[in-house]
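What follows is a single structure, written as structure tokens, with notes after it.
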Amino acid sequence: LGRSLFSSIVGSMRNVDPPLPDDIDAIDSILSMKLKANQLTVHIENVTTIAKTIPTISISQHIFIHLLREEIVEIEKGISQPESPSSDHLRMLIAAHTALS
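So the sequence shown is residues 10 to 110, counted in this note's numbering.
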């Protein structure tokens, strides 16, 4: 169910700049999902799929800023360490960057 729902959501997104407000809302919801450790790999694939589907500057910046903001919040709460490149948000950020390269 999860993969087909995600595919449907991403499939309905439009590759336009500026991005549509509904697309931004959907991306924010996807990026904000709290996941179990065994779901992270699939979630990273989902984030890279978004980056590949809508490879605009606006969407790229939105994804990067969202993930960096989430990482900063976790650092401030003591959940993540600033010197650790293995946090979930940073792994998604690196994957999205790689997908766009």
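Note that the Cβ used here is the ideal one computed from N, Cα and C, for glycine as well. None of the values given here were measured: they were computed from a predicted structure.
Query                                                                                                                  : Result
Determine the extent of the alpha helix (DSSP H) in which Q48 is found, giving its start and end residues.             : Looking at the DSSP string, Q48 is not in any alpha helix (DSSP H), and its letter there is neither H nor E.
Buried or exposed: L77, going by 16 or more other Cβ atoms within 10 Å of its Cβ?                                      : exposed
Between the region 79-87 and the region 31-39, are three or more C-beta pairs nearer than 8 Å?                         : no
Classify N24 as helix, strand or coil using the three-state DSSP reduction.                                            : coil
Pick from F73, I84 and P27: whose alpha carbon is nearest that of A108?                                                : F73
At 4 residues or longer, and completely inside the region 56-100: list those alpha helix (DSSP H) runs for me, N to C. : 66-86
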